[in-house]
Amino acid sequence: RLRVMQDKGFGKNLKGHLPSTENDRKRASPFKMTTVGGRSGDASRKMTRITPFQHTIQADPEFAEKTWNVLENAIREVFERNTGNLSYEQLYRLAYTMVLAKFGDFLYNNVNNTISDHLKTLANSLSSRSELSDYNLLKELRTEWDWYKLSISHLRDILMYMDRTFVANRKKKSVYDLGVGLFRDIVVRDARLQPMILKAFLDCVDRDRNEEPIDWQLLGAITKLLSDMRTDARGLNVYQVELEKPFLEHSARYYRGYSQTCLATMTCAGYLSNAETKLAEENRRVEQYLESRTRGKLESVLLEELIEKNLPTLIDMPSGLVYMLQNDRIADLKLLRSIFRRVPAGENVICQGLKKEVVYQGMKIVGDGDDAREPVEMVRSLLDLKAKYDKILASVFSVSSGSKETEDGPDVQMLPADSGPETLVVGAPSLRAISTANVMIDKRYLNVVHEGFEECMNSYNRSAEYLSLYVDLQLRQEFKDMNEDDIDTRLNADVTLFRFLQDKDVFARYYTQHLSKRLLQARVTSDDAERSFLVKLKNECGFLYTSKMESMFNDIKTSEDIQASYRAWRSSNMEIETDEGAGDSSTELRVTVLTTGAWPIQSTP
1 RLRVMQDKGF GKNLKGHLPS TENDRKRASP FKMTTVGGRS GDASRKMTRI TPFQHTIQAD
61 PEFAEKTWNV LENAIREVFE RNTGNLSYEQ LYRLAYTMVL AKFGDFLYNN VNNTISDHLK
121 TLANSLSSRS ELSDYNLLKE LRTEWDWYKL SISHLRDILM YMDRTFVANR KKKSVYDLGV
181 GLFRDIVVRD ARLQPMILKA FLDCVDRDRN EEPIDWQLLG AITKLLSDMR TDARGLNVYQ
241 VELEKPFLEH SARYYRGYSQ TCLATMTCAG YLSNAETKLA EENRRVEQYL ESRTRGKLES
301 VLLEELIEKN LPTLIDMPSG LVYMLQNDRI ADLKLLRSIF RRVPAGENVI CQGLKKEVVY
361 QGMKIVGDGD DAREPVEMVR SLLDLKAKYD KILASVFSVS SGSKETEDGP DVQMLPADSG
421 PETLVVGAPS LRAISTANVM IDKRYLNVVH EGFEECMNSY NRSAEYLSLY VDLQLRQEFK
481 DMNEDDIDTR LNADVTLFRF LQDKDVFARY YTQHLSKRLL QARVTSDDAE RSFLVKLKNE
541 CGFLYTSKME SMFNDIKTSE DIQASYRAWR SSNMEIETDE GAGDSSTELR VTVLTTGAWP
601 IQSTP
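Residue numbering for the sequence shown follows UniProt numbering, beginning at 1 and increasing consecutively.
In structure tokens, the structure reads:
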């Protein structure tokens, strides 16, 4: 630029004021100039590039110490809560100047040391005050933490330039994070103070569990304090290490002793109701003064100590599962299942107890093989027992269609009560109720009830015969004045017991004998009922199982048709028979034509 001005004559009036040589001009100019050659073919043209001025601060050798002393005193005043006379603008400029003068390490390390000194003094003060109660210790800790966070925020504002440049470039912790970490390591994890804080917190929790009043907001503040610490240098979550883990261990010990006290004084239903109450109370404590992530872990601890470890004791109590089943305590059974299903082995224990009770009650009816019992009463008692457990299955071990329980995995298969041959078939009092409610039965419980009935029915070798006798009584007498729906309900109940028989051919043998007597002696009260029962048997066992029985019905129909034809012929020829002196015309002849092999053959004496 100077050369251009001289070429145009501007330098004539400035003679004596401009540098005379190129080196002089470079020394005098506050800018760095670089001459660059012109384009190819025009060597006479040149370009001059001017770079920004860079000023190097020549700091006083004692600058860092003097500046830091001012900042250190200000930091201590901030921690002492004496900020009224501080100029944050001046302090910011001092910190800014130190970083600019390459004293960032010096400043950062001294800030670290100053905060550490303050926190050590605080930890010593809190740990030495043995006169503080649990509540007051936590209250003091909360107060100090709140003031400390405010002080660290002030320091962050003062040292903002250091955070943005030096800390970011060196990948160090920011001032605020540094302060939080130091509070964690020096105060929270102080060897004397740490157990005091934990004991104070747990003692307050125990008082809450014993229904004594506490300041739950104070406990929530301590939880928040630990949560704000996030993770330590090893990557461990401070809240989980310092509070959650010992809290869960303490809760396990508490409820272990509590469960033994309750088991000695409560009924099974009372214990389960109390356990449900305790689960709700602990859930409320999580909401009030713990982190939400603790909820599932705490619930697992309670279920393990109150339920899982006491499963056999609860089931075998005098007021346990057997008592509930025998006395139809539906509400208690619902409570038992709802709690037991929340522990791994809970439902298996219920299934075992349920099957054992079904077999026990069934064996009381069937007996030990004494043939002197009355067949009809035995079958009726089994049907009553089946109806009782159908009601329990529908009320306790079921779920309404479409609810969340129907989304269980393959181990919990749910069946609608009217879904087909594998489904639940109940006695007269309960069939309509289940169908109307559209409930679904948990297949595990349905299977154990069926297995129990199979075991007790097949333990007696005349069960098939007695069931056939019972059906025979119904078809001969009891269905005479019943409507179609009631008949169908009772036949469904009969088929339910029929399913439990292992040797169904024995039942077929007895049933064909009883059927033949009803047909040949004209003791059928309802032809529709007879054929309906055959259809049900065919659905269970197939066409071949009932082919002979259907052939017997066809023989009777054919015989009736032949008999009707004979009567018509007889009526038209009656006069001829009288004139020829035939016998008494009032004599009635009844002939039945039977198919060979279809009817049971009875040996004559």
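Even for Gly, the Cβ is constructed at its ideal location relative to N, Cα and C.
**Report entry** Beta-bridge pairing of residue 634 - partner residues as DSSP gives them
**Finding:** Limits of the chain in this structure are 1 at one end and 605 at the other, which puts residue 634 out of reach.
Query raised in the report: Which one or two residues does DSSP pair with Thr231 in a beta bridge?
Result: Beta-bridge pairing links Thr231 to Asn237.
Query - Assigned secondary structure, Phe103 (DSSP; H/G/I helix, E/B strand, else coil) - result: When DSSP states are grouped into helix, strand and coil, Phe103 belongs to the coil group.
Query - Simplified DSSP state of Pro213, which is helix, strand or coil - result: In the three-state reduction of the DSSP assignment, Pro213 falls in the coil class, being assigned neither a helical nor a strand state.
Report task. Could you work out which residue in Pro600, Phe166, Lys388, Ala564 is closest to Arg590 when comparing CA atoms only? Result -> In terms of Cα proximity to Arg590, the closest of Pro600, Phe166, Lys388, Ala564 is Ala564.
Requested in this report: At 4 residues or longer, and completely inside the region 438-474: list those alpha helix (DSSP H) runs for me, N to C.
Outcome: Listed in chain order, the alpha helix (DSSP H) elements of length 4 or more contained wholly in the region 438-474 are 443-458, 463-473.
Query raised in the report: Can you list, in chain order, the residues of its chain whose CB lies under 7 Å from that of Leu302, leaving out five sequence neighbours each side?
Result: Short of 7 Å from the beta carbon of Leu302, and not among the five residues preceding or following it, lie these beta carbons of its own chain, in chain order: Tyr255, Lys278, Leu279, Glu282.
Query - Through-space distance from Ser151 to Thr97, alpha-carbon basis - result: Rounded to whole angstroms, the gap between the alpha carbons of Thr97 and Ser151 is 22 Å.
Requested in this report: Please list, in chain order, all residues of the same chain as Arg192 whose beta carbon is under 6 Å from its beta carbon, the five residues on each side excluded.
Outcome: Its chain contains Ser127 as the residues whose beta carbon lies nearer than 6 Å to that of Arg192, once the 5 sequence neighbours on both sides are disregarded; these appear in chain order.
Requested in this report: For Gly409, count neighbouring C-beta atoms within 10 Å of its own C-beta (all shown protein chains included) and say buried if the count is 16 or more, exposed if not.
Outcome: Because Gly409 sits at a pLDDT of 45, beneath the cut-off of 50, its placement in the model cannot be relied upon, and the point is left open.
Query raised in the report: Are there 16 or more other CB atoms within 10 angstroms of the CB of Ser259, so buried, or fewer, so exposed?
Result: Looking at its Cβ environment, which holds 16 or more other Cβ atoms inside 10 Å, Ser259 is buried.
Query raised in the report: From Asp332 to Asp384, what does the alpha carbon distance come to, in whole angstroms?
Result: A direct Cα-to-Cα measurement between Asp332 and Asp384 gives close to 22 Å.
Query raised in the report: Distance, Cα to Cα, Met378 vs Ser463?
Result: Distance from the CA atom of Met378 to the CA atom of Ser463, rounded to whole angstroms, is 9 Å.
Requested in this report: Give the secondary structure of Ala168 by DSSP, where H, G and I count as helix, E and B as strand, and everything else as coil.
Outcome: Correct three-state label for Ala168: helix.
Query raised in the report: Which class does residue 611 belong to by DSSP, given the choice of helix, strand or coil?
Result: Absent from the model: residue 611. The displayed extent of the chain is 1 to 605, so no value can be given.
Query raised in the report: In chain order, what residues of the same chain lie with their CB nearer than 8 Å to the CB of Asp208, ignoring the 5 residues before and after it?
Result: If we look at Asp208 and ignore the five residues flanking it on each side, its Cβ neighbours are Ile214, Trp216, Arg285.
**Report entry** Whole-number beta carbon distance between Gly320 and Cys268, since they are thought to touch under 8 Å
**Finding:** Between Gly320 and Cys268 the Cβ distance is about 4 Å, and since that is below 8 Å, they are a contact.
Query - Option nearest Leu473 by Cα separation, candidates Met160, Val349, Glu347, Thr525 - result: The candidate whose alpha carbon is nearest that of Leu473 is Thr525.
Query raised in the report: Thinking just about the alpha-carbon of each residue, which of Leu141, Leu219, Leu382 is nearest to the one in Tyr460?
Result: Answer by Cα proximity: Leu382.
**Report entry** Rounded distance between the beta-carbons of Ala123 and Ile186, thought under 8 Å
**Finding:** Rounded, the Cβ-Cβ distance is 6 Å, consistent with contact.
Query raised in the report: With a cut-off of 8 Å, do at least 3 Cβ pairs link the region 385-401 to the region 439-451?
Result: Contact between the region 385-401 and the region 439-451 is established, with three or more Cβ pairs separated by less than 8 Å.
Report task. Identify, in the order they occur along the chain, each residue of the same chain with its Cβ nearer than 8 Å to the Cβ of Asn112, setting aside the five sequence neighbours on each side. Result -> Excluding positions up to five away in sequence, the list reads Leu178, Leu182.
Query raised in the report: If you drop the 5 nearest sequence neighbours on each side, which residues of the same chain put their C-beta closer than 8 Å to that of Arg380?
Result: If we look at Arg380 and ignore the five residues flanking it on each side, its Cβ neighbours are Tyr470.
Report task. Might you give, ordered along the chain, the residues of its own chain that have their beta carbon closer than 7 Å to the beta carbon of Tyr148, omitting 5 neighbours on each side? Result -> The beta carbon of Tyr148 sits closer than 7 Å to those of Phe183, all from its chain and outside the five residues before and after it, given in chain order.
Requested in this report: Give the straight-line distance between the Cα atoms of Val322 and Leu218, rounded to the nearest whole angstrom.
Outcome: Across the structure, Val322 and Leu218 are spaced so that their CA atoms are roughly 47 Å apart.
Query raised in the report: Cα separation between Lys171 and Thr165?
Result: Between Lys171 and Thr165, the C-alpha separation is close to 10 Å.
Query raised in the report: When burial is assigned at 16 or more other CB atoms within 10 Å of the CB, is Tyr88 buried or exposed?
Result: Around the beta-carbon of Tyr88, fewer than 16 other beta-carbon atoms lie within 10 Å, marking it exposed.
Requested in this report: Give the straight-line distance between the Cα atoms of Ala74 and Val241, rounded to the nearest whole angstrom.
Outcome: Each residue's Cα considered, the two are about 35 Å apart.
Query raised in the report: Are at least three pairs of beta-carbons, each pair with one atom in the region 63-78 and one in the region 134-141, less than 8 Å apart?
Result: Touching, no.
Query raised in the report: What residue range is occupied by the uninterrupted alpha helix (DSSP H) comprising residue 608?
Result: A query on residue 608 cannot be resolved here, the shown segment of the chain reaching from 1 to 605 and no further.
Query raised in the report: When the Cα atoms are used, what is the spatial distance from Arg142 to Lys224?
Result: Cα-Cα distance, rounded: 10 Å.
Query raised in the report: In three-state DSSP terms, what is Asp190?
Result: Note: Asp190 maps to coil in three-state DSSP.
Requested in this report: In angstroms with no decimal places, state the Cα-to-Cα distance between Ala95 and Asp146.
Outcome: Looking at the two C-alpha atoms, the distance is approximately 25 Å.
Query raised in the report: Considering only the beta carbon of each residue, do Pro600 and Gln502 sit closer than 7 Å?
Result: No, the Cβ-Cβ distance between Pro600 and Gln502 is not below 7 Å.
Query raised in the report: For Gly362, which residues from the same chain have a beta carbon less than 8 Å from its beta carbon, with the 5 sequence-adjacent residues on both sides left out?
Result: Excluding residues up to 5 positions away in sequence, Leu382, Leu385, Gly452, Phe453, Glu455, Cys456, Met457 lie with their Cβ nearer than 8 Å to the Cβ of Gly362 in the same chain.
Query raised in the report: Taking Asn388 as the reference, which of Cys351, Arg329, Ser338 has the closest Cα?
Result: It should be noted that the sequence gives Lys, not Asn, for residue 388. Per the Cα distances, Arg329.
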